[in-house]
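See below for the structure under consideration.
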Amino acid sequence: MREFPTRPSCDWAGAGTWCVTFTRGVTPDEVLARYGAVPHHARVMPKREADNLGADSYRTGTAKSVLRVGALGDWSFCHETWGVLGAMPGPLSALSRDTETFTVDLGGDGMNTFGHWRGGRCTEVFEPGEPATRPLPPHPWWDAVQEQREAAGSGEPGLVPAVRVIGDYIGAILDDDTVDGPLSTLLLGEDHPVRPPSPGGRGRGAVVPLTNGTGSAGPRSAPPA
-17 MREFPTRPSC DWAGAGTWCV TFTRGVTPDE VLARYGAVPH HARVMPKREA DNLGADSYRT
43 GTAKSVLRVG ALGDWSFCHE TWGVLGAMPG PLSALSRDTE TFTVDLGGDG MNTFGHWRGG
103 RCTEVFEPGE PATRPLPPHP WWDAVQEQRE AAGSGEPGLV PAVRVIGDYI GAILDDDTVD
163 GPLSTLLLGE DHPVRPPSPG GRGRGAVVPL TNGTGSAGPR SAPPA
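When the sequence shown is numbered by our numbering, its final residue is 207 and no position is left out of the sequence of numbers.
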């Protein structure tokens, strides 16, 4: 009987509240700078220590986001807790300047979002599994995430299927070991307040059409099947 390789575990994407961005062709330090942070203020620490840092600052009312960054090949990611900057139009526009960025957000309000940005503008944003949020066609990322959700069934909760779609596209998965392990970590304080999202930035029907120079919307290449 043929044996299939075990896929890296990314159970982190199925629980809790968090926001993660993936940006092509920039360094982790540049990602922090595009969030409005000062990269040399970051310290390397594991997730448990970062969680305690966020919880302590939350109790004192001083912090808004804990940002943890790393690299996956040619892409850099930012795992954010205690804030949702990575789901907002301003930071996403900055992150995707001259490149492309994915965002996935597992919110405490029950809204889970997936988005793709290129050149400072949104190409697709939707709530996986919510037909009312399906973008106007073509919507290759909706199709890819939906296909992954159907294939996974109930075996991969939350946004795990969406994270796997991104992993297939970028050629590397953000797995549990990477998220739990030591990463460059930075705490944003009250000097970087979290702004409410602007209309159309995320959520139901929040789609900004974008052409890629050929008259068609969406990524330069279709996401993998």
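Beta carbons are placed, not taken as given, at the ideal position from N, Cα and C, and that holds for glycine.
Check, Outcome
"Reduced DSSP category for H121 - H, G, I as helix; E, B as strand; rest coil", "coil"
"Span of the alpha helix (DSSP H) around T81", "Unbroken run through T81: none, as it is neither H nor E."
"When E12, N94, G153, L49 are compared against P139, the one with the closest alpha-carbon", "N94"
"Span of the alpha helix (DSSP H) around S39", "29 to 42"
"Span of the alpha helix (DSSP H) around V2", "Taken as a continuous stretch (DSSP letters only), V2 belongs to no alpha helix (DSSP H), being part of the beta strand (DSSP E) at 0 to 6."
"Neighbour-count burial assignment, P10, 16 or more Cβ in a 10 Å radius", "buried"
"Identified DSSP bridge partners for V51", "C60, S166"
"Check whether A134 and P143 have beta carbons under 7 Å apart", "yes"
"Per-residue DSSP class, three states only, for R(-11)", "coil"
"Bounding residues of the beta strand (DSSP E) (the contiguous stretch that carries G97)", "94 to 100"
"Beta strand (DSSP E) segment containing E12, residue limits", "Unbroken run through E12 is the alpha helix (DSSP H), 10 to 16; no beta strand (DSSP E)."
"Reference W64, options A76, L14, G18, R50, closest by Cα", "R50"
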